Structures are given as structure tokens and as C-alpha cells.
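To start, the structure under review is shown below, and the notes come after it.
Chains as they are written, first to last, in the working numbering: chain A, 1 to 113; chain B, 1001 to 1117.
In C-alpha cells, the structure reads:
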């Protein structure tokens, strides 16, 4: 059973389009995250949600809007895609309130043409 | 200032030998966690090992061990008996407790490890 699953795995689209990436975890974790890995492999947090509530919102363009319908799901919607949005986006989850490891999904490779 | 520093260039190791991947960190928080993740060429992020700042002993997980030197703020990953499948990018990361609900993983730049047959 996949612990953190995100879809799609690959997303190729044109500049200006709107797209969504979905994430689901079956670990019973309270906190979920979105990370962006750029072309130099640097990983940076974008958002985190705890029990459907936005906790962390790093300096991310407001074209990116996370949505958490319940604590097992955290989706990422991106409006008006730009070339610089090309990256790998990772969803992750962890238990609330402790320092235990975050578990990552397999990533979504977004390519903007 | 960078919180996690991984400065080694690409590392090479002969199969079956041990290799150490360096990581130093910076925090004023007395309670924190240190992590190592592996990212193979297929792209997924695989959790390897965790060390808590108050843990008395160095963490070990199979062939992975963490050489935790708190005073020096270093958390080096040691891989024993390297295998070809260990070829990957390795990331050191940290979470700080004082940030509470805002606790997030801060990653280093990563180190590429290549295992030679």
C-alpha cells in the first residue's frame, strides 16, 4: 500500500494553463506539505497544512493555491503556469507535533512548454 | 546563514567499501531532529535515518549509521558495505522544535554518490 501518493507523476503543459496536483496519505498523519525541487535539485518547502489548516506559507506566488479537503488530502492548484514553474513537486506528511520523519510521495514532474 | 551545509563534491566509492557523507547544521534550538534522505535517479525521496538532538546514541539503520557530533554540529551519514544501488543523491535535513506548528524540513544542497563496481 502506497503511504503518500500523488498524481499525476508527469505533467506536461503549456504556459498560461491551470493545472492541479493531487496528494493523498493513508498514514493517519495530521500534517501535510508541498515541496518544490528545482533544476539544481534544491528542495524548498512551499506550504504545510495541519488538520486542514494552513500553517506554513512560504514566499510562493499566489498563483499557487493549496487546498486540503480533509487531513488525508492536500492538493496543489497552479494558475497561469510560467516557465519557471517547471520543477518536481513533492507532497509529504508527518505526525503532528514531533520531530519524526516526513514521508514523501514519489513527486510530480511538471514541465512547462 | 545556511542551516544545513553539504559541501562535498560528487563522491565516489568502491563497491563493498564504506563511505561517509558530511553534513553540518546550524541552530540555536536545543531540540531538533536530523534526517538523511536518498534520492535515486528514479526521483523518489527515501527516508534513511533519523537522529534526535537528545538521543544519547548514534542512530543506526541496517547499513546506515549517523555519526552525530553535537558540539561540532555535524551529522555525517556512514554507509557501510556500499552497493551499486546506493548510487544516488543524498540529502541531509533538519527540523527545529521551537518553531512548533511551523516546524519544517530544511534541506542541504545534497551530495551525489556513485558506487563503482
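From the three backbone atoms N, C-alpha and C, an ideal C-beta is built for every residue, glycine too. All values reported here derive from a predicted model rather than from experimental measurement.
Residues near residue i by beta carbon distance below 7 Å, same chain, minus five either side
| i | result |
| --- | --- |
| residue 67 of chain A | 75 and 77 |
| residue 1109 of chain B | 1006 |
Extent of the continuous beta strand (DSSP E) run through residue i
| i | result |
| --- | --- |
| residue 1054 of chain B | Residue 1054 of chain B -> no beta strand (DSSP E), and no H or E assigned at all. |
| residue 8 of chain A | Taken as a continuous stretch (DSSP letters only), residue 8 of chain A belongs to no beta strand (DSSP E), as it is neither H nor E. |
| residue 50 of chain A | 43-50 |
| residue 73 of chain A | 73-78 |
| residue 1095 of chain B | 1088-1096 |
| residue 1029 of chain B | No beta strand (DSSP E) holds residue 1029 of chain B; DSSP gives it neither H nor E. |
| residue 27 of chain A | Residue 27 of chain A -> no beta strand (DSSP E), and no H or E assigned at all. |
| residue 1116 of chain B | 1111-1116 |
Residue i classed as buried or exposed, judged by whether at least 16 other C-beta atoms fall within 10 angstroms
| i | result |
| --- | --- |
| residue 1095 of chain B | buried |
| residue 26 of chain A | exposed |
| residue 1041 of chain B | exposed |
| residue 1113 of chain B | buried |
Minimum C-alpha distance to residue i - residue among the options
| i | options | result |
| --- | --- | --- |
| residue 1116 of chain B | B/1038, B/1018 and B/1044 | B/1018 |
| residue 4 of chain A | B/1044, B/1105 and B/1074 | B/1044 |
| residue 104 of chain A | A/34, A/49, A/63 and A/20 | A/34 |
| residue 9 of chain A | A/113, A/106 and A/53 | A/106 |
| residue 1050 of chain B | B/1113, B/1008, B/1071 and B/1091 | B/1091 |
| residue 51 of chain A | A/62, A/61, A/85 and A/93 | A/93 |
| residue 69 of chain A | A/39, A/79 and A/54 | A/54 |
| residue 1070 of chain B | B/1111, B/1055, B/1105 and B/1104 | B/1055 |
Residues of its chain near residue i, where Cβ-Cβ distance is below 6 Å and the 5 sequence neighbours each way are ignored
| i | result |
| --- | --- |
| residue 58 of chain A | 45 and 46 |
| residue 22 of chain A | 7 and 75 |
Proximity of residue i and residue j at Cβ, strictly below 8 Å
| i | j | result |
| --- | --- | --- |
| residue 1078 of chain B | residue 1005 of chain B | no |
| residue 1107 of chain B | residue 1093 of chain B | yes |
| residue 1097 of chain B | residue 1028 of chain B | no |
| residue 110 of chain A | residue 43 of chain A | no |
| residue 1025 of chain B | residue 1075 of chain B | yes |
| residue 118 of chain A | residue 87 of chain A | This structure gives no information on residue 118 of chain A, because the portion of chain A shown stretches from 1 to 113. |
Sequence-distant residues of its chain with Cβ nearer than 8 Å to residue i (five each side left out)
| i | result |
| --- | --- |
| residue 1039 of chain B | 1045, 1046, 1088, 1089, 1090, 1091 and 1110 |
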